[in-house]
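Asks: Here's a structure for you.
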Amino acid sequence: MAKRRSSPPAPADLDQLIHERLRLGIVCTLAMHDALTFTELRDLLQTTDGNLSVQARRLEEAGYITCLKRFEGRKPKTTYKLTARGRTALEDYLEVLSEMLPHSSQHSKTAANARLSLRTLPAES
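In structure tokens:
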């Protein structure tokens, strides 16, 4: 988890790998599902094959997601899962983001609920 700071974090303190819009979408979507195929993820995020492929590869290289490629019949099938490292990175990202928001009980409750939701989902290694 992100460490408590004496001063509010700066935007540069956010994990820049996750902060990119599509990569954040990938990580958040996989946090809510056990696993998703390339097609399911592409359709949920409403993006192109090329964009998803490039951004998923960056997350995979960082160890945030896993990619399993196999064949069903003669068709290739790619499945993605969030790793434990990816889940921790997302939790840390949300913690820093919540610390950047003006302090109010509603923001704190929302951030705490988001972190709790992530922790109750099954972790993938």
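Take the working numbering: the last position of the sequence shown gets the number 555, and nothing is skipped along the way.
Beta carbons: idealized from backbone N, C-alpha and C, even for Gly.
The structure displayed is predicted, hence computed values, not measured ones.
1) With 16 as the cutoff for other CB atoms within 10 Å, does Pro438 come out buried or exposed?
2) By alpha-carbon positions, which one of Gly516, Ala465, Val484 ends up nearest to Ala492?
3) Ignore the nearest five residues each way along the sequence and tell me which others in Arg500's own chain have a CB closer than 7 Å to its CB.
4) Does the distance from the CB of Leu498 to the CB of Thr509 come in under 7 Å?
5) Is the segment 478-487 touching the segment 523-531 in the sense that three or more CB pairs, one from each, lie closer than 8 Å?
6) Could you give the residue range of the beta strand (DSSP E) that holds Glu521?
7) On the DSSP letters alone, give me the boundaries of the alpha helix (DSSP H) that Glu450 sits inside.
8) Quick one: what does DSSP say Arg560 is sitting in, helix, strand or coil?
9) Hey, how far is the Cα of Ala465 from the Cα of Glu529?
Replies: Taking the coordinates as given:
1) Pro438 comes out exposed.
2) Residue Gly516 is the option with its Cα nearest to Ala492.
3) Listed in chain order, the non-local C-beta contacts of Arg500 below 7 Å within the same chain comprise Lys507, local neighbours out to five positions each way being set aside.
4) Yes; because the gap between Cβ atoms is below 7 Å, this pair is in contact.
5) Cβ pair count under 8 Å is below three, so no.
6) Glu521 -> not in any beta strand (DSSP E); alpha helix (DSSP H) instead, spanning 514-530.
7) Here Glu450 belongs to no alpha helix (DSSP H), and DSSP marks it neither H nor E.
8) The question about residue 560 has no answer here: the residues shown for the chain are numbered 431 through 555.
9) About 30 Å.
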